[in-house]
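Enquirer: Chains as they are written, first to last, in this note's numbering: chain A, 1 to 151; chain B, 1001 to 1180.
Sharing a structure here in structure tokens format.
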Amino acid sequence: MADSPLFQALHMEMAHALCEEQEKGLSVLEGVGFRVGQGLSERLTKEMPSFKDELDVLKFLCKDLWVTVFKKQVDNLRTNHQGTYMLQDNQFLLLTQLSNGKQYVEEAPKFLAFTCGLVRGALSNLGFDSTVTAEVPVMPSCKFQVVIQKS
Amino acid sequence: MSRQASRGTESKKMSSELFTLTYGALVTQLCKDYENDEDVNKQLDKMGYNIGVRLIEDFLARSSVGRCHDFRETADVIAKVAFKMYLGITPSITNWSPAGDEFSLILENNPLVDFVELPDNHSSLIYSNLLCGVLRGALEMVQMAVDVKFVQDTLKGDGVTEIRMKFVRRIEDNLPAGEE
């Protein structure tokens, strides 16, 4: 499948440029991802029938959204059926550009913030408020934890 | 067969929409962060430059174009190979200066500005300024110092988008790399 060098290059530069001031930068980057997630989810679901339930929405994220942005599906989706989901990507596109060295694990938050926002934005567009966090157990794999807020 | 083909174009279209959406969100954020359009323009140029110095390697690997012998060849490669590869469009090359050191790229439509409208209070914003930085950074890595700027912009009501490129000088190998 064709990859997206321009998007990846832009993402990497945003991670550097917006995170020069670490703390505020991460939330700014997350906010950019949020807006993109809203827009992308809007476009992707235009011609689709509405989702049956929350799990259906998460499956859409793991398949359609993930393939569009990261060129593959999420490898593993787990849930406690009480609003918490764990999405695991073993070859996360935005981490594969980085070396596998330990130093990059420290830098990893910069490279995850956009995607956390993306997921949160996509969910928001589909009617769900959530918190999304991410961690890198070992490069280049990535785990995203999504907690749907009860209204 | 045809379903695969349409999947391929659909995916490519979505890919380019992803870039357009991301770029739009970035510009929106920068307009919040900086007080005036000039500063946003500068930041876009700087970010573009940083992207360009890395993207050139990707470009050379994918395109297998050889060394360009003159600025005319460079113009051709930029319009027919690079723009096509990354943005899916082929700008036309016009308005060569008599000395052959300046030309224009004319973009009938600019994919970056799909669905974009400039609000009234951002009349000095050069929305696609990232592109200028990318071109400048990429060419610097192949030993060419160039000036790149937008001279027409459909976002500002012009009929086309026009990017003017000027060759400044050859960069010798032993000079240190450009700005940070």
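Just so you know, even glycine gets a beta-carbon here, dropped at the ideal spot from N, CA and C.
Is there contact between the stretch 1140-1154 of chain B and the stretch 1053-1070 of chain B, where contact requires at least three CB pairs shorter than 8 Å?
Expert: Touching, yes.
Enquirer: For chain A, is any of its Cβ atoms less than 8 Å away from the one on Phe1167(B)?
Expert: Within the second sequence, residue 1167(B) is the residue found at index 167, counting from 1. So no, Phe1167(B) is outside the interface.
Enquirer: Strictly under 8 Å for the Cβ-Cβ distance: is Glu13(A) near chain B by that measure?
Expert: As a position in the first sequence, residue 13(A) is number 13, starting the count at 1. Yes - at least one Cβ of chain B is within 8 Å of the one on Glu13(A).
Enquirer: Can you find the residues in the same chain that come closer than 6 Å, C-beta to C-beta, to Ala108(A), ignoring five residues on each side of it along the sequence?
Expert: Here the question's residue 108(A) lines up with position 108 in the first sequence. The residues are Val136.
Enquirer: Is the beta carbon of Arg1164(B) closer than 8 Å to that of Glu1102(B)?
Expert: In the second sequence, the residue the question calls residue 1102(B) occupies position 102. In the second sequence, the residue the question calls residue 1164(B) occupies position 164. Going by C-beta atoms, Glu1102(B) is nearer than 8 Å to Arg1164(B).
Enquirer: Across which residues does DSSP place Gln1143(B) in a beta bridge pair?
Expert: As a working mapping, residue 1143(B) is identified with position 143 in the second sequence. In the DSSP output, where bridge partners are listed per residue, Gln1143(B) has none listed.
Enquirer: For Gln1004(B), count neighbouring C-beta atoms within 10 Å of its own C-beta (all shown protein chains included) and say buried if the count is 16 or more, exposed if not.
Expert: In the second sequence, counting from the first residue as 1, residue 1004(B) sits at position 4. Caution applies to Gln1004(B), whose pLDDT of 46 falls short of 50 and renders its modelled position unreliable; the value that the coordinates give is listed next. Exposed is the call here.
Enquirer: Give the single residue among Ser27(A), Ala17(A), Val57(A) and Ser4(A) whose Cα lies nearest to the Cα of Phe114(A).
Expert: On the first sequence, position 114 is the one that residue 114(A) refers to. Measuring from the Cα of Phe114(A), the nearest candidate turns out to be Ser27(A).
Enquirer: Check whether the stretch 1128-1135 of chain B and the stretch 1148-1161 of chain B touch, using three or more Cβ-Cβ pairs below 8 Å as the test.
Expert: Output reads yes: the stretch 1148-1161 of chain B touches the stretch 1128-1135 of chain B.
Enquirer: Please classify Met48(A) as buried or exposed, where buried requires at least 16 neighbouring CB atoms within 10 angstroms.
Expert: The residue you call residue 48(A) lines up with position 48 of the first sequence. Answer is exposed; the Cβ neighbour count stays below 16.
Enquirer: Are any of the Cβ atoms in chain A nearer than 8 Å to that of Phe1071(B)?
Expert: As a position in the second sequence, residue 1071(B) is number 71, starting the count at 1. Chain A, which has no Cβ nearer than 8 Å to the Cβ of Phe1071(B), makes this no.
Enquirer: Hey, would you say Ser41(A) sits closer than 8 Å to Leu126(A), going by beta carbons?
Expert: Taking the first residue of the first sequence as position 1, residue 41(A) is located at position 41. Taking the first residue of the first sequence as position 1, residue 126(A) is located at position 126. Going by C-beta atoms, Ser41(A) is nearer than 8 Å to Leu126(A).
Enquirer: Give the residues of chain E in contact with Ser4(A), contact being defined as C-beta atoms less than 9 Å apart.
Expert: The structure shown contains no chain E; its protein chains are A and B.
Enquirer: Starting from the C-beta of Gly83(A), find all residues in its chain whose C-beta is less than 7 Å away, skip the five residues before and the five after it, and write them out in chain order.
Expert: As a first step, residue 83(A) is located in the first sequence; it is residue number 83 there, counting from the start. Answer for Gly83(A): Val147, Ile148 and Lys150, listed in chain order.
Enquirer: Compare the C-beta of Ser1006(B) with all C-beta atoms of chain A and state if any pair is closer than 8 Å.
Expert: Looking up residue 1006(B) in the second sequence gives position 6. Bear in mind that a pLDDT of 49 at Ser1006(B), under 50, signals an unreliable position, so the model cannot answer this.
Enquirer: From this set, Tyr1049(B), Ser1097(B) and Leu1107(B), which residue's C-alpha is nearest Lys1080(B)'s C-alpha?
Expert: Locating residue 1080(B) in the second sequence gives position 80, where the first residue counts as 1. Here the closest residue by C-alpha is Leu1107(B).
Enquirer: Under 8 Å, with one C-beta from each stretch per pair, do the stretch 116-126 of chain A and the stretch 29-36 of chain A reach the 3-pair mark?
Expert: Taking 8 Å as the limit for Cβ pairs, the verdict is that the stretch 29-36 of chain A does touch the stretch 116-126 of chain A.
Enquirer: Hey, could you find the ends of the alpha helix (DSSP H) Arg1062(B) is sitting in?
Expert: Here residue 1062(B) refers to the residue found at position 62 of the second sequence. First-last of the alpha helix (DSSP H) with Arg1062(B): Asp1037 to Ser1063.
Enquirer: Pull up the distance between the alpha-carbon of Ala1094(B) and that of Leu1105(B), whole angstroms please.
Expert: Here residue 1094(B) corresponds to residue number 94 of the second sequence, with the count starting at 1. Here residue 1105(B) corresponds to residue number 105 of the second sequence, with the count starting at 1. It is worth fixing the name first, because residue 1094(B) is Thr in this sequence and not Ala. Approximately 7 Å between the Cα atoms of the pair.
Enquirer: Leaving out the 5 sequence neighbours to the left and right, which residues in its chain are closer than 7 Å to Gly1024(B) when beta-carbon positions are compared?
Expert: Translated into positions along the second sequence, residue 1024(B) becomes position 24. Excluding residues within five positions, the ones whose Cβ falls inside 7 Å are Val1116.
Enquirer: Give the range of the beta strand (DSSP E) segment to which Phe144(A) is assigned.
Expert: Locating residue 144(A) in the first sequence gives position 144, counting from the first residue. Run containing Phe144(A): Cys142 to Ile148, per the beta strand (DSSP E) assignment.
Enquirer: Residues in its own chain within less than 7 Å of Met1047(B) by CB, not counting five upstream and five downstream?
Expert: To locate residue 1047(B), count along the second sequence from 1; it is residue 47. Excluding positions up to five away in sequence, the list reads Leu1130 and Gly1133.
Enquirer: Which residue wins for smallest C-alpha separation from Leu1118(B), given the options Leu1044(B), Cys1031(B), Thr1022(B) and Leu1018(B)?
Expert: Taking the second sequence and counting its residues from 1, one reaches residue 1118(B) at position 118. Selected option, being the one with the closest Cα: Cys1031(B).
Enquirer: Determine the chain A residues that contact Ala1075(B) at a beta-carbon separation under 7 Å, and present them in chain order.
Expert: For the purposes of this step, residue 1075(B) is taken as residue 75 along the second sequence, with counting starting at 1. Under the 7 Å cutoff, chain A gives no residues; its nearest Cβ is about 21 Å from Ala1075(B).
Enquirer: In the DSSP assignment, what residue or residues form a beta bridge with Tyr85(A)?
Expert: Here the question's residue 85(A) lines up with position 85 in the first sequence. In DSSP, Tyr85(A) forms a bridge with Thr79(A) and Val146(A).
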